[in-house]
Amino acid sequence: MQQVMLGNEAVARGLLENGCTFTYAYPGTPSSEILPAFLKQAKTESISVHGHWSVNEKIALESAFTAAMTGMRAAAVMKQVGLNVAADAFLSVAYLGVTGGLVVVSADDPGPNSSQTEQDSRMFAMFAKVPVFDPATPEEASEFAGRALKLSEEIKLPVLLRPTATLCHARQNFALQDILPQSRKPEFIREPQRWAATPKHRLQLHKSLNQKLLELAADSRFDFANSSDPNKKRTPYAIIASGCAWSLAADLLNETANNFTEHFTLYKVDLPYPLHQGASERLLAEYEKIIVIEESMPVIEYQ
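Position 107, counted from 1, in the sequence shown is what this note's numbering calls 1102; the numbers after and before it change by one each time, with no gaps.
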């Protein structure tokens, strides 16, 4: 079945399709529609879930983390300035990790249109050492919500999903997947050296976190050097972009005269942090010049 969905509704759909049963949020444009859409779609599909508005973003993250500690899949939803409020928990959760899946949805507001500061949650994720997905369309927002949950459970770390205002409030018609009832039961396993770690054990947790990020930066699933059109002739220049910046670059190249497009090959980064290092090295060796297009901080360029 296909349906036209708002980007925020697509995020909620992706969470539900991939077994997320706990979602907590604090409202703020451009993220406000995600939690209501999550609860509404779950009710329509007769799926048992738990979710509510939290006192603030820190509480939302801590509530979702509690579920993820017991092997469940959970999400905390906020706008970019809310990630500031959740910072204390966000950095600690990166060290402690999860046993289920935990996605932190931080909707950015480049511009800004309805925020006191213009921030890039990808930069915050790099600071906190948390992997981050950057979707380019509402359909990808749904897909990446699922990928983020699965990756989080696989590597036992929180994963950040960063839609931007343009995507959150765009609409797209795409195919929906079935939402299946979940039989998973919460189980808390006592690990005092992890859940109540003293500084000595925090050092070991930090080493483990660094190692996981190194392995992720070499993971072939995120090799963006293979993301260009395989039928396109070799060009002297390359463009690397992620999220809505990639969508704008793709539209520009599609609308521009052939004598311009023949000079550029466009590459799409799904996981801006940690950036796949092998892909970066190969493209730097292959092209005369590389243009990196990002909104709004140079996260890819820094790496």
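Built from N, CA and C at the ideal position, the CB exists for glycine as well.
Owing to the predicted nature of the structure, the values given are computational and were not obtained by experimental measurement.
In this structure, residue 1016 lies away from residue 1033, with their beta-carbon atoms at least 7 Å apart. Judged by DSSP secondary structure, residue 1242 falls within the alpha helix (DSSP H) whose first and last residues are 1238-1250. When the beta-carbon positions are compared, residue 1152 and residue 1139 stay at least 7 Å from each other.
The Cβ atoms of residue 1057 and residue 1084 sit closer than 7 Å to each other.
Taking 8 Å as the upper bound for CB-CB distance, residue 1029 and residue 1072 are in contact here, some 5 Å apart. One alpha carbon belongs to residue 1068, the other to residue 1147, and they sit about 9 Å apart.
In the three-state reduction of the DSSP assignment, residue 1036 falls in the helix class. The continuous alpha helix (DSSP H) containing residue 1061 extends over residues 1052-1064. Taking C-beta separations shorter than 6 Å and ignoring five residues to either side along the sequence, the partners of residue 1096 in its chain run 1068, 1144, 1147 and 1148, following chain order. In the structure shown, residue 1202 falls within a helical segment according to DSSP collapsed to helix, strand and coil.
Contact annotation: the stretch 1281-1292 touches the stretch 1236-1248, with at least three C-beta pairs closer than 8 Å.
According to the DSSP assignment, residue 1137 belongs to the alpha helix (DSSP H) that extends over 1133-1150. DSSP places residue 1044 in the coil class of the three-state scheme, outside both helix and strand. Judged by DSSP secondary structure, residue 1008 falls within the alpha helix (DSSP H) whose first and last residues are 1002-1012. Counting the other CB atoms within 10 Å of its CB gives residue 997 a total below 16, which places it among the exposed residues. Under the Cβ criterion (8 Å, minimum of three pairs), the stretch 1209-1220 counts as touching the stretch 1254-1270.
Distances from the alpha-carbon of residue 1048 to those of 1132, 1031 and 1064 put 1031 closest.
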